[in-house]
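Chemist: Per UniProt numbering, the sequence shown runs over residues 1 to 271. Built from N, CA and C at the ideal position, the CB exists for glycine as well.
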Amino acid sequence: MSSTGNLTSPESGNTQDGTASASGLASLVNQSLPRHVAIIMDGNGRWAQAQGKPRVMGHKAGVKAVRRAVSTARALGIKSLTLFAFSSENWRRPDKEVSLLMELFMTVLKRELKLLDQNGVRLNIIGDISRFSPRLQKQIAEAEARTAGNEDLILNVAANYGGRWDIVQAAQTLAQKVETGEITSNQITEESLSQHLCMQNQGEVDLMIRTGGDFRISNFVLWQAAYAELVFTDTLWPDFDEQAFHEAIAIFAGRQRRFGLTGSQIEDLRA
Ligand code: IPE
Ligand code: IPE
Ligand code: MG
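And the structure:
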């Protein structure tokens, strides 16, 4: 996989002028296993409330579901798993819930790190972490450094992440390069912008799953999921198990991804 993502790199689909190269697209349309899966882990609060428990119990149960999802992704051979843990809009929640989530984040990071490392998982936190406590920021940096050499699965945890923020930060970096004369404004292209987004080396999102029954993207990976297959399930996140993950993969495998082509062009590409 090149650094520019599935759809904008010559080797995986498109030539420089944006036209599809047959060999690149063929590999994408023949892909029955997504390489990059992103999950909007929704429904923790409702899961807890249904049992008469406080919302935080739902977040705690959600951590178990994260552990299961990571091991299922590894077992399946998925290359990147991107989990939405805390959105840039989640600061609007009651202070108590926000601080409980921060605490949980720190505890889980500490507790799970060794196992993640032993299992060849590379941890990558995406989002604006500058708003987190210095202690949490330090913990994140250490966890990323410790697992940096792992290659079995990249686990991207989106924390204080927003898809619009991601695009803006990439645009700002490019604007700075224009200011310093490193590039000219006409070198701002889809390709160069995508190179400055989070997860730029991991290919675009192939499959986006949302649990919890709602049908929206909630400002998650907007650019990277431009051509993702979307799967929505009523299952609440704490109940999302191996079987539910396999079902989502089966739905993906049954879809025809067309990338702008016609159905019969796709049939021709499907050897
Ligand atoms: C998702 O579950 C987890 C976070 C947003 C942190 P919610 O907390 O949104 O659960 P519901 O949607 O209220 O059930
Ligand atoms: C999306 O869930 C964010 C995470 C899963 C972290 P929300 O529960 O915050 O989404 P909305 O606000 O209902 O769209
Ligand atoms: Mg929710």
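1) Helix, strand or coil for SER87, going by three-state DSSP, please let me know.
2) In chain order, what are the residue ranges of uninterrupted alpha helix (DSSP H) at least 4 long that sit wholly in the segment 83-165?
3) Give me the DSSP bridge partner(s) of ALA69.
4) Rounded to whole angstroms, what's the CA-CA distance from ARG35 to GLN195? Just pull it up for me.
5) When every heavy atom of ligand 2 is checked, does at least one fall within less than 8 angstroms of the C-beta of ARG164?
6) Using DSSP bridges, identify the partner residues of residue 273.
7) Mind checking whether the beta-carbon of SER71 lies closer than 8 angstroms to any heavy atom of ligand 1?
8) Our contact map puts ASN150 next to ARG122 with C-beta atoms below 8 angstroms; I'd like the distance itself, whole angstroms only.
9) Would you report the Cα separation of ARG68 and ILE249, rounded to the nearest angstrom?
10) Among ASP95, VAL221, ASP214 and ARG210, whose alpha-carbon lies nearest the alpha-carbon of GLN202?
11) If you draw a straight line from the C-alpha of LYS60 to the C-alpha of ASN44, how long is it?
12) Roughly how many angstroms separate the alpha carbons of ALA48 and VAL63, rounded to a whole number?
Modeler: Walking through what the data contain:
1) Residue mapping note: residue 87 aligns to position 87 of the sequence shown, counting from 1. Residue state, collapsed to three classes: strand.
2) Complete alpha helix (DSSP H) runs here, min 4: 95-118 and 134-147.
3) As a first step, residue 69 is located in the sequence shown; it is residue number 69 there, counting from the start. The partner list for ALA69 (beta bridge, DSSP) is empty, contrary to what the question assumes.
4) One-based indexing of the sequence shown puts residue 35 at position 35. One-based indexing of the sequence shown puts residue 195 at position 195. The straight-line gap from Cα to Cα measures roughly 18 angstroms.
5) As a first step, residue 164 is located in the sequence shown; it is residue number 164 there, counting from the start. Answer for ARG164: no, Cβ out of range of ligand 2.
6) Residue 273 falls outside the range modelled here, since the chain spans only 1 to 271, and no answer is possible.
7) Residue mapping note: residue 71 aligns to position 71 of the sequence shown, counting from 1. Distances from the CB of SER71 to the heavy atoms of ligand 1 are all 8 angstroms or more.
8) Mapped onto the sequence shown, residue 150 falls at position 150. Mapped onto the sequence shown, residue 122 falls at position 122. With 8 angstroms as the limit, ASN150 and ARG122 qualify as a contact, their Cβ atoms being about 4 angstroms apart.
9) Numbered from 1 along the sequence shown, position 68 holds the residue referred to as residue 68. Numbered from 1 along the sequence shown, position 249 holds the residue referred to as residue 249. The straight-line gap from Cα to Cα measures roughly 15 angstroms.
10) Position 202 of the sequence shown, counted from the start, is the residue given in the question as residue 202. Among ASP95, VAL221, ASP214 and ARG210, the Cα nearest to that of GLN202 is on VAL221.
11) The count along the sequence shown starts at 1 and reaches residue 60 at position 60. The count along the sequence shown starts at 1 and reaches residue 44 at position 44. Computed Cα separation, rounded: 8 angstroms.
12) Translated into positions along the sequence shown, residue 48 becomes position 48. Translated into positions along the sequence shown, residue 63 becomes position 63. The straight-line gap separating the alpha-carbon atoms of ALA48 and VAL63 is approximately 13 angstroms.
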